[in-house]
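K.L.:
From first to last, the protein sequence lines stand for chains G and C. Take the working numbering: the last position of the first sequence gets the number 314, and nothing is skipped along the way. Take the working numbering: the last position of the second sequence gets the number 279, and nothing is skipped along the way. Each residue gets a CB set at the ideal place from its N, CA and C atoms; glycine is no exception. Submitted below is the structure of interest, expressed as structure tokens.
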Amino acid sequence: MKIKKDEIIWLILFITPAISLFLLFFIIPILFLFITSFTNWDGISADFVGLKNYAKLLNNKTFIRSIINNLYWCLTAAFITVPLALIIALLLAHRSRGWKVFRTILFIPQVVSSAAIALLWLALYNSEYGLVNYLLDYIGLSEYKDHNWLGSIRTAQPALIAFSLCYVGYFMVIMLAKTAGISEEYYDAATIDGASQFQKDLHITAPLIKSAFFLCIILAVIFNLRQFEFVYLMTNGGPANRTSVLVLYIWKELSIQRLGLGNAAGVIMIVIGAILLIIMRKILKSETYN
Amino acid sequence: MKIDLSTNLYFYFKWIIIISFVLYAIFPFLWLILASLKTNAELLDDPFKLPEVFQFKNYTEAIEAAGLIQLIINSLIISSSATFLNVLVSSMCAFAIARHIFWGNNVLFLMISSGILIPLNALIIPYYAIINYLHLYDTRTGLILVYCAVGLPVSTFILTEFFKSIPKEIEEASTLDGCNFVSRYFRIMLPLAIPGLMTAGTFQFILCWNEFIYAMLLTSSTEIRTIQFGISYFTNQFFSDYVGMFAALVVSILPSITVFILFQERVITGLTAGSVKG
């Protein structure tokens, strides 16, 4: 609709709140982050130090570890969680009896806060009363009876990532929603040609939900770049900073008032996010056209 | 004959996969509820066995010890105010950019929705500085403002798409009947957009309710602490009273799960809407 002259003032009034919030919490913080990343700002004074913060970060073992761990989270989600979600979505797409119940149950971890999930899994991994060790002992792996999963350098990171598989439901729901739009005719035609259920899933359903699958991979990577709560509450980066992630690193810099350095880490995190997005778009675009 | 065998195998494969993931998702919660009804001695003795007597007093004690009522009330106040404010602000903006052609309406839309892709947790130090600068540290207002802003891109995106899908004729007819800008928004478009508002609102409410890092970053006093931030104190508050902690955890999880089961279609569309269209 074309805007009338006397209504311009209302139009401006309507977009002002959103624009001011966007300026205050998106544009200004990003500019601020970028500018202060070249200073040794500690909350009181700030001097320009050039690229020193970046040099410091790239020589810092914990920081590099945090980046690697973040990538570890992202890749696990993209290459294990999302493909598993695809399999479940293909199976539930048959809409056999009770599929809604299964969908609901699989989605539950998504509506529970990550803080609560973190505490729950902390209890499951507990070496005194936790369920994980009890079950392993029960099936005969008694060497794990008193194993401290999150406390030992060897198993802390895998143990943290293993439980993130419970988020399979979210991606499954996105892909499952896409299958609802597939016309029955495709399946009927395939049945006449004598295709088995497996062939139908593989050759009809899977290609038609490809776009949702790619979307899930992008979401999985974005979510896991932001990873904080689980690591903070379950290991706080330990043992020996082995499980630290980027946001936790920034958080720790904030708590000792090395704000300039923390912001340089923030800039690197945003850049990594942008690079990952560009790479994924490139790969997924060429995939879609092939 | 061969086809029959493979079909059967596929059938079993399907159910094994589905059942094992369902167990993986739900079993921890069931175990948590069971464990919260035991005594500490029973839990340490055998984490799997049913308790002799169900210890419902764990719950009354835990609610008392963790101050759960206060935490839940705080979360309700903060989440609902932030949701209301967020939906109001983003629907006004969405109405302006979806229903009117003016210079920059597409630029504005792209700019705000690109915020979805920014990893906002990288900005915790600037947020901390801005909230301090505005003298809003450790206030409900500060947290509400941040939550409202964080959800702005997704809500504006969902609502703009929704407003665009409403037929133009309705609005044109109302203009002829003498409706001005403001009454077109309040009387015509908002009632038509209720499903979209509900979707955006659900998404926003769950985002606020489950949020952790900003609550920890921007508040410190116990009076305004939200439930999710409160959870992180459980390990200290209950120390070696494991069953008490479990009971508190169950109480803090139950509202989300109950609301989800009651309104599951709405919640599922809400949580996936922003992504499915994008």
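Please report the distance separating the alpha-carbon of Phe239 (chain C) from that of Gly245 (chain C).
P.N.:
Computed Cα separation, rounded: 7 Å.
K.L.:
What residues match up with Thr63 (chain G) in a beta bridge as DSSP calls it?
P.N.:
Paired residue(s): G:Phe72.
K.L.:
Taking 8 Å as the cut-off, does the region 104 to 115 of chain G touch the region 189 to 201 of chain G (at least 3 CB pairs, one atom from each stretch)?
P.N.:
Touching, per the Cβ criterion.
K.L.:
Counting only runs of 4+ residues fully inside the region 72 to 106 of chain G, write out the alpha helix (DSSP H) ranges in chain order.
P.N.:
Qualifying alpha helix (DSSP H) stretches, in chain order: 76 to 82 and 85 to 100.
K.L.:
Could you tell me the alpha carbon to alpha carbon distance between Val277 (chain C) and Ser241 (chain C), rounded to whole angstroms?
P.N.:
Since pLDDT at Val277 (chain C) reaches only 46, below the 50 mark, its modelled position is unreliable, and the value read off the structure follows with that caveat. Cα to Cα, Val277 (chain C) sits roughly 45 Å from Ser241 (chain C).
K.L.:
7 Å is my cut-off, CB to CB: does Gly152 (chain C) come that close to chain G?
P.N.:
No, no contact with chain G.
K.L.:
Just checking: is the beta-carbon of Gln205 (chain C) within a distance shorter than 7 Å of some beta-carbon in chain G?
P.N.:
No, Gln205 (chain C) lies away from the interface with chain G (no Cβ there is under 7 Å from its Cβ).
K.L.:
If distances are taken between C-alpha atoms only, which option among C:Phe96, C:Val54, C:Arg185 and C:Gly231 comes closest to Ile171 (chain C)?
P.N.:
If we check each option's Cα against that of Ile171 (chain C), C:Arg185 comes out closest.
K.L.:
Could you tell me if Gly205 (chain G) is buried or exposed, where buried requires 16 or more neighbouring beta carbons within 10 angstroms of its beta carbon?
P.N.:
Exposed: under 16 other Cβ atoms inside 10 Å.
K.L.:
Using a Cβ cut-off of 8 Å, pull out every chain G residue sitting near Cys94 (chain C), in sequence order please.
P.N.:
What Cys94 (chain C) touches in chain G: Phe38, Ile39, Pro41, Ala42 and Ile43.
K.L.:
For the region 12 to 23 of chain C, list every residue whose C-beta sits within 9 Å of some C-beta in chain D, in sequence order.
P.N.:
Looking at the structure shown, chain D is missing, and the protein chains on hand are G and C.
K.L.:
By a C-beta neighbour count over all protein chains shown, 10 Å radius and 16 as the cutoff for buried, is Pro29 (chain C) buried or exposed?
P.N.:
By the 10 Å Cβ count, Pro29 (chain C) comes out buried.
K.L.:
With contact counted as at least three CB pairs below 8 Å, one residue from each stretch, are the region 160 to 168 of chain C and the region 85 to 98 of chain C in contact?
P.N.:
Because the criterion of three Cβ pairs below 8 Å is met, the region 160 to 168 of chain C and the region 85 to 98 of chain C touch.
K.L.:
Closer than 8 Å by beta-carbon distance: list the chain G residues that pair up with Ile119 (chain C), in chain order.
P.N.:
Those within 8 Å of Ile119 (chain C) in chain G are Phe50, Ile54, Ile294 and Gly297.
K.L.:
Looking at the structure shown, is Arg141 (chain C) part of a helix, part of a strand, or coil, going by DSSP?
P.N.:
Helix.
K.L.:
So Trp275 (chain G) and Ile125 (chain C) are in contact, right, with Cβ under 8 Å, and what is the actual spacing, rounded?
P.N.:
Between Ile125 (chain C) and Trp275 (chain G) the Cβ distance is about 7 Å, and since that is below 8 Å, they are a contact.
K.L.:
Measuring only the C-alpha atoms, how far is Leu232 (chain G) from Glu209 (chain G)?
P.N.:
Straight-line Cα distance between these residues: approximately 14 Å.
K.L.:
Can you tell me whether DSSP reads Phe303 (chain G) as helix, strand or coil?
P.N.:
As written in the sequence, residue 303 (chain G) is Ile, which differs from the Phe given in the question. Three-state DSSP puts Ile303 (chain G) in a helix.
K.L.:
Thinking just about the alpha-carbon of each residue, which of C:Lys39, C:Gln229, C:Phe264 and C:Thr270 is nearest to the one in Ala142 (chain G)?
P.N.:
Per the Cα distances, C:Gln229.
K.L.:
Would you mind reading off the limits of the alpha helix (DSSP H) that contains Val54 (chain C)?
P.N.:
Note, Val54 (chain C): premise wrong, no alpha helix (DSSP H); not H, not E.
K.L.:
Looking only at its own chain, which residues have a Cβ that is under 6 Å from the Cβ of Ile59 (chain G), when we skip the five neighbours before and after it?
P.N.:
Nothing listed; no residue qualifies.
K.L.:
Spatial neighbours of Met190 (chain C) within its chain, please: C-beta separation below 8 Å, excluding the five flanking residues on both sides.
P.N.:
Excluding residues within five positions, the ones whose Cβ falls inside 8 Å are Phe96, Arg100, Phe164, Ile167 and Glu172.
K.L.:
Look at the alpha carbon of Trp97 (chain G) and the alpha carbon of Asn248 (chain G), and state the distance between them as a whole number of angstroms.
P.N.:
Each residue's Cα considered, the two are about 6 Å apart.
K.L.:
Would you decide whether Ser120 (chain G) is buried or exposed? Buried here means 16 or more other CB atoms lie within 10 Å of its CB.
P.N.:
Flag for Ser120 (chain G) reads exposed.
K.L.:
Below 7 Å CB to CB, which residues in the same chain sit around Ile33 (chain G) once its five sequence neighbours on both sides are set aside?
P.N.:
Same-chain partners within the cutoff: there are none.
K.L.:
With contact counted as at least three CB pairs below 8 Å, one residue from each stretch, are the region 287 to 306 of chain G and the region 79 to 99 of chain G in contact?
P.N.:
Contact between the region 287 to 306 of chain G and the region 79 to 99 of chain G is present, because at least three Cβ pairs lie under 8 Å.
K.L.:
Could you check if Thr61 (chain C) is buried or exposed, using at least 16 other CB atoms within 10 Å of its CB as the buried criterion?
P.N.:
By the 10 Å Cβ count, Thr61 (chain C) comes out exposed.
K.L.:
Comparing the C-beta of Gln71 (chain C) with each C-beta of chain G, is any distance below 7 Å?
P.N.:
Taking Cβ atoms only, chain G never reaches closer than 7 Å to Gln71 (chain C), which makes this a no.
K.L.:
Does the CB of Asn260 (chain G) have a neighbour CB from chain C at under 7 Å?
P.N.:
No, no contact with chain C.
K.L.:
If the cut is a Cβ gap below 8 Å, which residues of chain C does Cys190 (chain G) touch?
P.N.:
Neighbours of Cys190 (chain G) on chain C, chain order: Tyr25, Ala26 and Pro29.
K.L.:
Tell me the rounded alpha-carbon separation between Pro281 (chain C) and Leu283 (chain G).
P.N.:
No statement about residue 281 (chain C) is possible, as the shown extent of chain C runs from 2 to 279 and does not include it.
K.L.:
Who are the Cβ neighbours of Thr229 (chain G) in its own chain at under 8 Å, not counting the five residues just before and after it?
P.N.:
Within the same chain, Thr229 (chain G) has close Cβ partners Leu114, Ala117, Thr203 and Ile206.
K.L.:
If you compare alpha carbons, which of C:Ile73, C:Leu160 and C:Gly202 is closest to Tyr148 (chain C)?
P.N.:
Looking at the Cα atoms, C:Gly202 is the closest of the given residues.
K.L.:
Starting from the N-terminal side, write out each stretch of the alpha helix (DSSP H) that is 4 residues or longer and does not extend beyond the region 146 to 232 of chain G.
P.N.:
Segments of the alpha helix (DSSP H) lying fully in the region 146 to 232 of chain G: 155 to 162, 180 to 186, 192 to 203, 208 to 216 and 221 to 224.
K.L.:
If you pair each beta-carbon of the region 167 to 181 of chain G with each one of the region 47 to 62 of chain C, do three or more pairs fall below 8 Å?
P.N.:
Contact fails: fewer than three Cβ-Cβ distances are below 8 Å.
K.L.:
For the region 129 to 136 of chain G against the region 214 to 229 of chain G, do three or more pairs of beta-carbon atoms, one drawn from each stretch, fall closer than 8 Å, so that the two count as touching?
P.N.:
The region 129 to 136 of chain G vs the region 214 to 229 of chain G: no contact.
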